Amino acid sequence: MFLNDDYFQLNTILQSLINGLSNGVLYAFLALALVFIYKTSAQLNFAQGEMAMVGAFIVFQVMLWTGMPLWAAVPIAMAVMFLIGAASWRYMLRPVVKRGGHAPMIVLLGVFLLLNAGSAVIWGTSQRQGLSPLPNGLNDKIQLLGGVPDVHINFSALGGMAILLVTFGALELWLRKTRMGLGYRAITSNPDSAESLGIDRNRYLTIGWGISAAIGVLVGMLFSQQSGLLHSNLMLNGLLFGFAAAALGGFDSLFGAIIGGLIIGLLEATIPNAIEWIGPSLNVAVALMVIFLVLVFRPSGLFGSTKVVRP
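Under the numbering used here, the residue at position 143 of the sequence shown is numbered 145, and the numbers go up by one with no gaps.
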């Protein structure tokens, strides 16, 4: 059979859509960090997923050393990741960006491998119990419809959406309403003119990369709770879905990152379950197909700016 008949039941479809939106929040959060970096530095951060994973491990380590509650450890982890993100730009990317070509991409892939291997060396390759920043008990849910299966939404999904929207609102206001946000837009659109106006490009980009890495702490914790695990390969698949969400929404649109993430989550939850020959084990193929179709038919994404090339 081409279609999975068991899937096409009202409760099953509704719960699948809710699960898709819950996963979509995670992909949107990761895409938000990717888009923020692209808007402020015009670079695709291939190491963003590993920064999120390391941030989650730092939360775990601070809790282990100090015994403090999770949310008390989060600001410390975000400060550490801010320094790591800022150092990544200042000491690894900055020296090669002006050389152009593929040098920045190669360096970022190197940062990806460094963080992945470094986390395995420091924390080992065994799987630990995932972090729980939000309520995730058996009864921490709102039942929407009875039956088999019942239709419900978890408090963790609602909490993740709230954190995502607060982060999005803060970034959007900062980029649109502050002097530094205006400076970022100037740097992205015309770096040479921005520097001639006295904008310290290196300072701005150092801060931007630090902020993106700090946001990764929240992303890593939510992914860890969703999977129930914490390990060095936590974000490998998530990064692919995050890139698919950013590509679909548009790499220069924060709002597009959220919409793209939610759409990717819905597609991942419905298509593999509805079509028998795909199955849940091939859900990554959905992200790859979205990236391919966007690059072919709408490279700027749904909400991205279309570049005008003058002849």
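Built from N, CA and C at the ideal position, the CB exists for glycine as well.
The structure displayed is predicted, hence computed values, not measured ones.
- Query: Is the number of C-beta pairs between the region 10 to 30 and the region 259 to 274 that are closer than 8 Å three or more?
  - Reply: yes
- Message: Once DSSP output is grouped into helix, strand and coil, what is the label at Leu232?
- Response: In the sequence shown, residue 232 corresponds to position 230, counting from 1. Looking at Leu232 - three-state DSSP - the assignment turns out to be strand.
- Exposure of Phe84, with buried meaning 16 or more beta-carbon neighbours within 10 Å: The residue labelled residue 84 in the question sits at position 82 within the sequence shown. With 16 or more Cβ atoms within 10 Å of its Cβ, Phe84 is classed as buried.
- Task: Could you check what DSSP says for Arg312 in three-state terms: helix, strand or coil?
- Result: Working through the sequence shown from its first residue, we reach residue 312 at position 310. The predicted position of Arg312 is uncertain, since its pLDDT is 46 and thus under 50; a value taken from the coordinates is nonetheless stated next. Looking at Arg312 - three-state DSSP - the assignment turns out to be coil, as it is neither helix nor strand.
- Query: Is the distance from the Cβ of Thr42 to the Cβ of Gly148 below 7 Å?
  - Reply: Along the sequence shown, one-based indexing puts residue 42 at 40. Along the sequence shown, one-based indexing puts residue 148 at 146. It is not a contact, given that the beta carbons lie outside the stated cut-off.
- Query: Since Phe12 is in the alpha helix (DSSP H), which residue starts that stretch and which ends it?
  - Reply: Position 10 of the sequence shown, counted from the start, is the residue given in the question as residue 12. Sequence check: residue 12 is Leu here, not Phe. According to the DSSP assignment, Leu12 belongs to the alpha helix (DSSP H) that extends over Leu12 to Ser43.
- Item | Contact belief for Ala58 with Met65 at Cβ below 8 Å, rounded distance in angstroms | The residue labelled residue 58 in the question sits at position 56 within the sequence shown. The residue labelled residue 65 in the question sits at position 63 within the sequence shown. Their Cβ separation, rounded to whole angstroms, is 11 Å, which puts Ala58 and Met65 out of contact at 8 Å.
- Proximal residues to Met107 (C-beta, below 8 Å), its chain only, five neighbours per side dropped: For the purposes of this step, residue 107 is identified with residue 105 of the sequence shown, where counting begins at 1. Result list for Met107: Leu46 and Phe48, in chain order.
- Assign Asn275 to one of two classes, buried (16 or more other C-beta atoms within 10 Å of its C-beta) or exposed (fewer than that). Here the question's residue 275 lines up with position 273 in the sequence shown. When all chains shown are included, Asn275 counts as buried.
- Message: Am I right that Gly212 and Gly87 are in contact with their C-beta atoms under 8 Å? What's the rounded C-beta distance?
- Response: Residue mapping note: residue 212 aligns to position 210 of the sequence shown, counting from 1. Residue mapping note: residue 87 aligns to position 85 of the sequence shown, counting from 1. Going by Cβ atoms, the distance from Gly212 to Gly87 rounds to 4 Å, so yes, they are a contact pair.
- Could you tell me if Phe4 is buried or exposed, where buried requires 16 or more neighbouring beta carbons within 10 angstroms of its beta carbon? Counting from 1 along the sequence shown, the entry for residue 4 is found at position 2. Phe4 should be labelled exposed.
- Val153 in three-state terms, based on DSSP: Within the sequence shown, residue 153 is the residue found at index 151, counting from 1. In this structure, Val153 counts as strand in the three-state DSSP scheme.
- Query: So Pro135 and Leu224 are in contact, right, with Cβ under 8 Å, and what is the actual spacing, rounded?
  - Reply: Translated into positions along the sequence shown, residue 135 becomes position 133. Translated into positions along the sequence shown, residue 224 becomes position 222. Correct: roughly 7 Å between the Cβ atoms.
- Task: Assuming Gly258 and Phe305 form a contact by the criterion Cβ under 8 Å, report the distance between their Cβ atoms to the nearest whole angstrom.
- Result: To locate residue 258, count along the sequence shown from 1; it is residue 256. To locate residue 305, count along the sequence shown from 1; it is residue 303. Indeed they touch by this definition, with Cβ atoms about 3 Å apart.
- Query: Can the beta-carbon of Asn13 be found less than 7 Å from the beta-carbon of Val153?
  - Reply: Residue 13 sits at position 11 when you count from the first residue of the sequence shown. Residue 153 sits at position 151 when you count from the first residue of the sequence shown. Yes, the pair counts as a contact, with Cβ atoms nearer than the cut-off.
- Task: Counting only runs of 4+ residues fully inside the region 175 to 255, write out the alpha helix (DSSP H) ranges in chain order.
- Result: DSSP runs (the alpha helix (DSSP H)) wholly in the region 175 to 255: 181 to 191, 193 to 198, 203 to 229 and 238 to 251.
- Query: Less than 7 Å separating the beta-carbons of Ser234 and Ala122?
  - Reply: On the sequence shown, position 232 is the one that residue 234 refers to. On the sequence shown, position 120 is the one that residue 122 refers to. It is a contact, given that the beta carbons lie within the stated cut-off.
- Message: Taking the straight line between their C-alpha atoms, what separation do you get for Leu115 and Arg205?
- Response: The residue given as residue 115 occupies position 113 in the sequence shown. The residue given as residue 205 occupies position 203 in the sequence shown. Cα to Cα, Leu115 sits roughly 26 Å from Arg205.
- Query: Between the C-alpha atoms of Trp279 and Asn285, what's the straight-line distance to the nearest angstrom?
  - Reply: The residue given as residue 279 occupies position 277 in the sequence shown. The residue given as residue 285 occupies position 283 in the sequence shown. If I take the Cα positions, the gap works out to 11 Å.
- Taking Ser191 as the reference, give the member of Ala35, Ala44 and Asp7 with the closest Cα. Residue 191 sits at position 189 when you count from the first residue of the sequence shown. With distances taken between Cα atoms, Ser191 lies closest to Ala44.
- Query: Can the beta-carbon of Phe31 be found less than 7 Å from the beta-carbon of Leu166?
  - Reply: As a position in the sequence shown, residue 31 is number 29, starting the count at 1. As a position in the sequence shown, residue 166 is number 164, starting the count at 1. Cβ atoms of Phe31 and Leu166: closer than 7 Å.
- Is the distance from the Cβ of Ala246 to the Cβ of Val292 below 7 Å? Position 244 of the sequence shown, counted from the start, is the residue given in the question as residue 246. Position 290 of the sequence shown, counted from the start, is the residue given in the question as residue 292. Yes.
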